[in-house]
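Peer 1:
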Amino acid sequence: MKFVSSVMLICFCSAMICSVEGCPKKIKTFFAGPDKVEIKVEYKGCFPGKAHHTAMEYPNIRIALCNDHCYPTGSKYMGLIGNKCFCESFLENSEKKDDNECSVPCPGDEKEKCGDEKAERWSAYTTGPKYP
């Protein structure tokens, strides 16, 4: 048992300093998030409001992580704002804002949009299945 603890501590320290290679999958997922796979989602626009019913908060949030949470719940849409993700059943298109108001990159992938927490704007996407 002491040997297992030591291995986990070494793996943990490695993850904090450089990488999680060689660590068990659960440890890798905790620090780096799930592996990037292709998902079929569509950007639906920028919407006003706060994430008043946060489903998930993650320091390295990206579309795939939010989708992994929202798609299995049957939610048709997901929203990202800052490091928060939430699931939606419908979008109110009359409230849609200009896409430039949701230009803050996601912490986990700077090519993706995660709304603008200061301006209280969130980026909406459809949810979808993953394709390896």
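Residues -22 to -1, 1 to 110 in mature numbering (1 follows the signal peptide of the UniProt record, and there is no 0) are what the sequence shown spells out, letter by letter. From the three backbone atoms N, C-alpha and C, an ideal C-beta is built for every residue, glycine too. Computed from a predicted model, the values in this text were never measured in an experiment.
Cβ of glycine 86 within 9 Å of Cβ of isoleucine 17?
Peer 2: Not closer than 9 Å, so no.
Peer 1: Taking only three categories from DSSP, how would you classify threonine 51?
Peer 2: Three-state DSSP puts threonine 51 in a helix.
Peer 1: Identify, in the order they occur along the chain, each residue of the same chain with its Cβ nearer than 6 Å to the Cβ of cysteine 65, setting aside the five sequence neighbours on each side.
Peer 2: Cβ within range, chain order: Ala33, Cys48, Thr51, Ser53 and Met56.
Peer 1: Mind reading off the beta-carbon distance from tyrosine 103 to glutamate 20? Whole number of angstroms is fine, and I expect it under 8 Å.
Peer 2: Yes, they are in contact, since the Cβ atoms of tyrosine 103 and glutamate 20 sit about 7 Å apart, within 8 Å.
Peer 1: Leaving out five residues before and five after lysine 96 in sequence, what residues of the same chain have Cβ atoms less than 8 Å from its Cβ?
Peer 2: There are no such residues.
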